[in-house]
Amino acid sequence: TRVAAPPSSKKVRTAQILDLLEQAHPEARCALEYRNPFELVAATILSAQCTDERVNQVTPALFRRYPDARKMARAKPEDLEAIVRPTGFFRAKSRSLLGCATALAERHGGVVPRTMDEMTKLPGVGRKTASVVLGHAYDIAEGIAVDTHVLRVTNRLGIAKADDPLVVERQLMAVIPRERWTRTTDLLIFHGRKICIARRPRCGECPVFALCRWPHRQAYAMGETPRAARPARRGPRKRTAAAR
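When we follow this note's numbering, the leftmost residue of the sequence shown carries the number 8, and every step to the right adds one.
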């Protein structure tokens, strides 16, 4: 009989991190408000380069007017643009919403498909959006959605090492059991918003501080900003009197 290989140290540490984050953030969930898979697809498309709070302010009016894919597919572009304008990049997002709704209506009878391959063939839908929708609307784990928070937090913790979200997703999928993929995204995003903040992380309050591999964590925990982590100066330097 074949003996299963023991879990790698990274798998063990990653599991410990997720367990601690679960204890610290039991309320973590998808922040987008939706009632069905179609609404989640549309909300996720709108969330690009926009806060979930702003999206949640826009979607009630959007879904009152276009409650399903078939109705949205018949929308006038200018009407869609007027509604989603507050989310930014409204023309591009309107095109994506129209394209996605049209594809859903024509290819899938208005129903959001249940596979990564079919999802990513929809206009405006990439792996991140597909993973969010499949995981939260259907409880199907086909990937780990990697947004800016997940990218930042996993690199700081040392459970991933890359700037490319697709590379980071593959690295995470290799060390995290499939049944935890969807929950992992929620926990890491919540942690990134509340504790592991981009500009000034609250390392002194971090529940996974002892397992973190970020070299600046000690300085931030002491209330300092390490020189290497400070933003670069912009614009020309003022010349001193001696240099004039």
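Heads up, the beta-carbon is just placed ideally off N, CA and C, and yes, glycines get one too.
Item to complete: Hey, could you find the ends of the alpha helix (DSSP H) Asn162 is sitting in?
Response: 155-164
Discussion item. Within a Cβ cutoff of 6 Å, which residues of the same chain sit near Tyr145, ignoring the five residues on either side of it in sequence?
Written reply: Arg121
Worksheet item: By Cβ distance, which residues of its chain are closer than 8 Å to Pro93, with the 5 residues on each side in sequence left out?
Response: Arg61, Gln64, Val65
Discussion item. Using only the alpha-carbon positions, how far apart do Val48 and Gly106 sit?
Written reply: 12 Å
Worksheet entry | Backbone CA spacing between Ile151 and Gln178 [nearest angstrom] | 10 Å
Worksheet item: Does DSSP put His32 in a helix, a strand or coil?
Response: coil
Discussion item. Which residue wins for smallest C-alpha separation from Leu104, given the options Glu46, Pro233, Cys57?
Written reply: Glu46
Worksheet item: By DSSP, does Ser138 sit in helix, in strand, or in coil?
Response: helix
Worksheet item: Applying the criterion that 16 or more other CB atoms from any shown protein chain within 10 Å of the CB defines a buried residue, is Arg163 buried or exposed?
Response: buried
Practice prompt. Use the C-beta contact count for Ala248: other C-beta atoms within 10 angstroms, 16 or more gives buried, fewer gives exposed.
Written response: Because Ala248 carries a pLDDT of 37, less than 50, the predicted location of this residue cannot be relied on, and the following value inherits that uncertainty. Per the 10 Å Cβ criterion, exposed.
Practice prompt. Could you check which residue in Gly165, Ser54, Tyr73, Glu40 has the C-alpha nearest to that of His223?
Written response: Gly165
Fill in: Cutoff 6 Å; reference Arg28; Cβ partners in own chain excluding five residues on either side
Correcting the residue identity first, residue 28 is Leu in this sequence and not Arg. Leu194, His198.
Worksheet entry | Option in Lys168, Arg81, Thr161 with minimal Cα separation from Ile204 | Thr161
Discussion item. Would Arg71 and Gly117 be called neighbours here (beta carbons separated by less than 8 Å)?
Written reply: no
Worksheet item: If you draw a straight line from the C-alpha of Ala22 to the C-alpha of Lys83, how long is it?
Response: 48 Å
Worksheet item: Does DSSP classify Tyr227 as helix, strand or coil?
Response: helix
Worksheet item: Skipping 5 residues on each side, what residues in its chain have a beta carbon closer than 7 Å to that of Ile147?
Response: Arg121, Leu141
Worksheet item: Hey, Val139 and Cys37 are a contact pair by Cβ (cut 8 Å); roughly how many whole angstroms apart?
Response: 7 Å
Practice prompt. Going by CA-CA distance only, name the one from Glu149, Thr191, Ala181 that's closest to Ala156.
Written response: The sequence as given places His at residue 156; Ala does not occur at that position. Nearest C-alpha to His156: Thr191.
Worksheet item: Just the Cα atoms here: how many angstroms apart are Leu87 and Thr51?
Response: 16 Å
Practice prompt. Output the boundary residues of the alpha helix (DSSP H) element that contains Lys78.
Written response: 76-80
Worksheet item: Going along the chain, which unbroken runs of the alpha helix (DSSP H) with 4 or more residues stay wholly within the region 59-127?
Response: 59-72, 76-80, 84-91, 97-115, 123-126
Worksheet entry | Beta-carbon proximity check, Met126 vs Ala137, cutoff 8 Å | yes
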